[in-house]
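J.: Using full-length UniProt numbering, you'd call the opening residue of the sequence shown number 1 and step up by one each time. Okay, here's the structure, questions in a sec.
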Amino acid sequence: MKFSALLICTWLVGQSALFAQSSFPALGKVVRIDPQLDALIASDAKIEVLASGFVWAEGPVWIKDGGYLLFSDVPQNTVFKWSAKEGLTPFLKPSGFTGAGTYGDEPGSNGLTLNRQGHLVLAEHGDRRISVMPLTGGGKRTIADNYQGKRFNSPNDVVQHSSGAYYFTDPPYGLPKKHEDPTREIDWFGVYRADTDGKVTLLTKDMTRPNGLAFSPDEKILYVAQSDPYKSVIMAFQMLSDGSVGTSKVFYDATPMVKQGLPGLPDGLKVDANGNVWSTGPGGVLILSPSGKLLGRIDTGEATANCGWGDDGSTLYITADMYLCRIKTKTKGAGW
1 MKFSALLICT
11 WLVGQSALFA
21 QSSFPALGKV
31 VRIDPQLDAL
41 IASDAKIEVL
51 ASGFVWAEGP
61 VWIKDGGYLL
71 FSDVPQNTVF
81 KWSAKEGLTP
91 FLKPSGFTGA
101 GTYGDEPGSN
111 GLTLNRQGHL
121 VLAEHGDRRI
131 SVMPLTGGGK
141 RTIADNYQGK
151 RFNSPNDVVQ
161 HSSGAYYFTD
171 PPYGLPKKHE
181 DPTREIDWFG
191 VYRADTDGKV
201 TLLTKDMTRP
211 NGLAFSPDEK
221 ILYVAQSDPY
231 KSVIMAFQML
241 SDGSVGTSKV
251 FYDATPMVKQ
261 GLPGLPDGLK
271 VDANGNVWST
281 GPGGVLILSP
291 SGKLLGRIDT
301 GEATANCGWG
311 DDGSTLYITA
321 DMYLCRIKTK
331 TKGAGW
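Given below as structure tokens:
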């Protein structure tokens with residue numbers, strides 16, 4: 001049964017107001033594989049459901065100055081706002097497609113981040129670009145929408161380097177007919193850099209489905225998740241002094257977990273202050289040591305899209321299919 005976006009949004013706001021007045025329901029479990037996980041997640045930590053009923057929630061980013069979370073619902077073409085005080089409210093619609101008519105089943109924004117000026121940066125599916133806007137309003141500005149004159153497929157996730165450059169991925173998921181869409185102008189699914197002067201550089205076109213990405217705390221490594229069920233890996237690229245990438249290696253191969261039937265694929269990822277990688281993937285959020293050892297999983301029981309640090313930097317917010325969740329950790333996000 002399908003509901004209109006307006007009805008869903010109205011129901012969500014009501015549910016969120018209810019949650020704000022009571023304890024949050026729990027979801028899933030923490031799967032402990034290595035004793036090192038005990039230093040990162042307490043034994044009694046719970047996965048709390050803050051809101052539900054979304055079509056496909058994505059891209060959580062915490063706004064420190066306001067004390068609230070923003071995240072995308074890609075099919076609803078909407079960015080939502082959640083805070084403990086006010087609950088859930090719509091923040092931006094349309095978020096990723098501003099054209100006439102409809103545009104596939106995933107038209108909205110996907111990955112979100114804040115830049116060094118405190119502005120919201122969006123990876124937009126429908127408008128096929130990376131954009132930026134002030135949180136106080138005033139409209140969007142395009143950061144990048146093409147490579148050598150050819151439109152991107154559907155930018156998926158974005159992160160900013162300390163140099164000010166943006167790094168982002170461009171798989172086909174936002175196109176109406178995905179990889180077979182006739183409007184595709186680029187033959188590959190690349191990872192790119194957009195410099196502060198607007199120049200766009202292709203970093204690699206060797207990944208089949210590049211998705212989430214993040215830097216190590218020292219920015220010597222760029223991690224990129226690949227959402228390919230036949231090669232579900234997280235790649236680690238060596239960062240070079242000129243902002244390009246050098247050699248790469250498989251940081252973690254989650255393909256066997258996909259074959260086991262665990263829901264989800266490598267998608268969004270973040271890094272904590274000690275260099276551990278927290279990546280969504282088969283079986284929830286995979287927690288990986290800096291050497292690529294699997295320490296455990298935050299198992300939501302759902303295909304889990306993305307995660308991001310919030311509050312004082314020690315709360316991990318998680319978007320898992322129709323749910324917005326959080327879990328308290330014993331670490332903090334890198335750069336917090």
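Ideal Cβ placement from N, Cα and C applies to all residues, glycine included.
1) Please report the distance separating the alpha-carbon of Leu7 from that of Gln76.
2) Helix, strand or coil for Leu122? Go by DSSP, reduced to three states.
3) Quick check: the Cα distance between Ile287 and Asp34, rounded to an integer number of angstroms?
4) Rounding to the nearest angstrom, what Cα-Cα distance links Gln21 and Glu86 in this structure?
5) Name the DSSP bridge partner or partners of Ser279?
6) Looking only at its own chain, which residues have a Cβ that is under 7 Å from the Cβ of Trp188, when we skip the five neighbours before and after it?
7) Going along the chain, which residues of its own chain have a beta-carbon closer than 7 Å to the beta-carbon of Leu316, five neighbours each way excluded?
8) Is it buried or exposed for Thr169, if we count other Cβ within 10 angstroms and need 16 for buried?
9) Measuring only the C-alpha atoms, how far is Lys231 from Thr255?
10) What residues are listed by DSSP as bridge partners for Thr183?
11) Cβ atoms of Ser227 and Met235: under 8 Å apart, would you say?
12) What is the DSSP secondary structure of Leu175, counted as helix, strand or coil?
13) Quick one: is Glu106 buried, meaning 16 or more other Cβ sit within 10 Å of its Cβ, or exposed?
14) Out of curiosity, what's the CA-to-CA distance linking Val250 and Leu202?
15) Met235 by DSSP, collapsed to three states: which one?
16) Could you tell me if Asp140 is buried or exposed, where buried requires 16 or more neighbouring beta carbons within 10 angstroms of its beta carbon?
17) Roughly how many angstroms lie between the CA atoms of Ala39 and Pro217, to the nearest whole one?
18) Apart from the five residues on each side of it in sequence, which residues of its chain come closer than 7 Å, Cβ to Cβ, to Arg116?
19) Looking only at DSSP bridge pairs, what is Ile47 linked to?
20) With burial defined as no fewer than 16 other Cβ atoms inside 10 Å of the residue's Cβ, what is the status of Tyr323: buried or exposed?
21) Do you know offhand how far Ser291's Cα is from Phe237's?
22) Could you pull the start and end residues of the alpha helix (DSSP H) that Met257 belongs to?
23) Among Asp311, Tyr68, Pro282, which residue has its Cα nearest to the Cα of Asp321?
24) Check whether the segment 144-152 touches the segment 107-114, taking contact to mean three or more Cβ pairs, one atom from each stretch, closer than 8 Å.
25) Under 8 Å between the Cβ atoms of Ser131 and Thr142?
T.: On the basis of the coordinates in this document:
1) Residue confidence for Leu7 is low, a pLDDT of 39 falling below 50, so the modelled location carries little weight; the figure read from the coordinates is stated next. Going from the Cα of Leu7 to the Cα of Gln76 covers about 11 Å.
2) strand
3) 10 Å
4) Any reading at Gln21 needs caution, since the residue's pLDDT is 39, under 50, leaving its predicted position unreliable; the model's value is listed next. Cα to Cα, Gln21 sits roughly 10 Å from Glu86.
5) Leu269, Leu286
6) Lys205
7) Trp278, Cys307, Trp309, Arg326, Ile327, Thr329
8) buried
9) 6 Å
10) BP columns for Thr183 are empty, so no partner.
11) no
12) coil
13) buried
14) 20 Å
15) strand
16) The sequence given here places Lys at residue 140; Asp does not occur at that position. So Lys140 ends up on the buried side.
17) 19 Å
18) Gln160, Gly164
19) In the DSSP output, where bridge partners are listed per residue, Ile47 has none listed.
20) buried
21) 14 Å
22) 255-259
23) Pro282
24) no
25) yes
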